[in-house]
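One structure is given here, and the rest of the page talks about it.
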RNA sequence: GGAGAGGUGGCCGAGUUGGCUGAAGGCGUGCGCCUGCUAAGCGUAUGUAGGUCAAAAGCCUACCGAGGGUUCGAAUCCCUCCCUCUCCGCCA
């Protein structure tokens, strides 16, 4: 959510941002509502002040055993007015609030402006594409040769896009999660956290998934709960509606959760095997930082995510997203794309974003600065990493001529190869 | 799921015959004074948000779990919901 005062003072800038993000939102309505709100607030305050004052007088009269009925009669009308204005005011506030929730975050000035992904900016790459003296297979074939996955049975028990990992496949999946969590804790100083996989509406709104992405998520009607699409949601909202002491910042947490995404409308679009699934595992890094530091830390987090790919010896490239590719809440995002030799494509395995104070304002996450003022923190998060495409790259990169897979050294301590 | 108790400021804790209570008192914290140091002591300050203002100060308004109601006026009365604790039932 953007600051109303900021919108008021930067209408052009915000409109441009909406346009660059390929979003649709009407600032005119918001400004009109804001105007209306302030007028109503003013009237309300005036009448309330009068009511408070006269109520004192009434109390005084009654204390002195004098007649107050005239004043009481007078105030009946005032009370009516107050009630009416209050109703109008709540109505306007509600409309304003919900309109505001549809305004996207403003991209950082350094973000390339562009109308589609072709405007994304290549930043750097690490390693080289693996070469083979045979034709490399795709992950599904490798998985089937080694009994690592059972997609049909996943479809049977739930539906398409719900993978079943079997035997060594399941062990490999588990080892990846374990390795990544421990790596971030030990090498990067993150605090490990385990959070609920189901959250309420307020939490889903706090990080910006609701109200806009309602149809992309799994909903539990009975309690109005939602299955999380990323650990970012529960972890970021941990400190919702709190004022953190300055010395608690920066906070850096890492957690593993499954992620649930309906992926509505993406059928047939690169959905083969593990490429795009409805449930997958992800290790997520989340930081709460002082506004002055957030862009330094964004770079640091990209490095943190890269470190995992380096440790696994997987070739990847770093991409800076253009405005159109930025998510609703993000001000700046880097994607990490890993090379999958079998598929012959780069696959997105991590997205690292700075949300500045956008999520903090929605969720009410603040801190007290050195000057004694209460301010919003900046929140950032990044995958470190999502497992399915990491697994694809792993299988395809480390496949052998005989059809087996060589487990990279880094993962060996985390997996029992004797079974 | 059933029965009972309760939700007040950073924390503890008064206030429930409705009326100078944004809220006593205590703790904590900031600043100042005092004393070799520390401790103690003394003084003083210490919520958030909205509005007004160029800004600050000041002033006004809201907020005692959330939302509604009664009333001239509600932390205090009524209703609904949420949460916490204790006991019972059920279950990993």
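Numbering (the numbering used here), first residue to last: 228 to 646. Glycine included, every Cβ here is placed at the ideal spot set by N, Cα and C.
Between residue 527 and residue 481, the C-beta spacing is not below 7 Å. In this structure, 228 is the residue among 626, 545, 228 and 265 with its C-alpha nearest to the C-alpha of residue 332.
Residue 574 is bridged by DSSP to 565. Scanning the region 401-455 for uninterrupted alpha helix (DSSP H) segments of 4 residues or longer gives 428-433, listed from N- to C-terminal end. For residue 608, the beta-bridge partners assigned by DSSP are 513 and 580. In the DSSP annotation of this structure, the continuous segment of the alpha helix (DSSP H) that includes residue 271 starts and ends at 254-290. Around the beta carbon of residue 361, fewer than 16 other beta carbons sit within 10 angstroms, so the residue counts as exposed. If you ignore the 5 residues before and after residue 342, its C-beta comes within less than 6 Å of the C-beta of 551, all in its own chain and listed in chain order. Taking each of 354, 406, 434 and 381 in turn and checking the Cα distance to residue 537, the smallest one comes out for 354. Rounded to whole angstroms, the gap between the alpha carbons of residue 636 and residue 642 is 10 Å. Selection 272, 442 and 382 evaluated against residue 316 yields 272 as nearest (Cα-Cα).
Apart from the 5 residues on each side of it in sequence, residue 404 sits with its Cβ closer than 7 Å to the Cβ of 483, 508, 510 and 614 in its chain, given in chain order. Judged by beta-carbon spacing, residue 574 lies within the 7 Å limit of residue 616, meaning their Cβ atoms are closer than that value.
DSSP places residue 460 inside the alpha helix (DSSP H), whose first and last residues are 459-463. In the structure shown, the three-state DSSP call for residue 246 is helix.
Here residue 320 carries a helix assignment [DSSP, helix/strand/coil]. If the five residues before and after residue 505 are omitted, its C-beta is found closer than 7 Å to the C-beta atoms of 388, 389, 487, 488, 489 and 490, all from its own chain and listed in chain order.
Separation of residue 301 and residue 269 (C-alpha to C-alpha, rounded to the nearest whole angstrom) is 21 Å. Residues 295 and 298 of the same chain have their beta carbon placed closer than 6 Å to that of residue 285, with the five preceding and five following residues left out of the count. The beta-carbon distance between residue 391 and residue 377, rounded to whole angstroms, is 4 Å. This is short enough to meet the 8 Å contact definition.
Residue 606 is a Cβ neighbour of residue 515, given a cutoff of 7 Å. Counting C-beta atoms within 10 angstroms of its own C-beta, residue 312 has 16 or more neighbours from the protein chains shown and is therefore classed as buried. Contact annotation: residue 417 and residue 479 have beta-carbon atoms nearer than 7 Å. Around the CB of residue 531, 16 or more other CB atoms lie within 10 Å, so the residue is classed as buried. Taking all protein chains shown into account, residue 546 has 16 or more neighbouring C-beta atoms within 10 Å of its C-beta and is therefore buried. Our two residues, residue 233 and residue 254, have alpha carbons roughly 12 Å apart in a direct line.
By the C-beta density criterion, residue 577 is buried, having at least 16 other C-beta atoms within 10 angstroms. A straight-line Cα-Cα distance of about 44 Å links residue 586 and residue 373.
Straight-line measurement puts the Cα of residue 513 at about 31 Å from the Cα of residue 236.
By the Cβ rule, the region 554-561 does not count as touching the region 444-455, because fewer than three pairs are nearer than 8 Å.
For residue 487, the enclosing beta strand (DSSP E) has its first and last residue at 478-487.
Under DSSP, residue 592 forms a beta bridge with 469.
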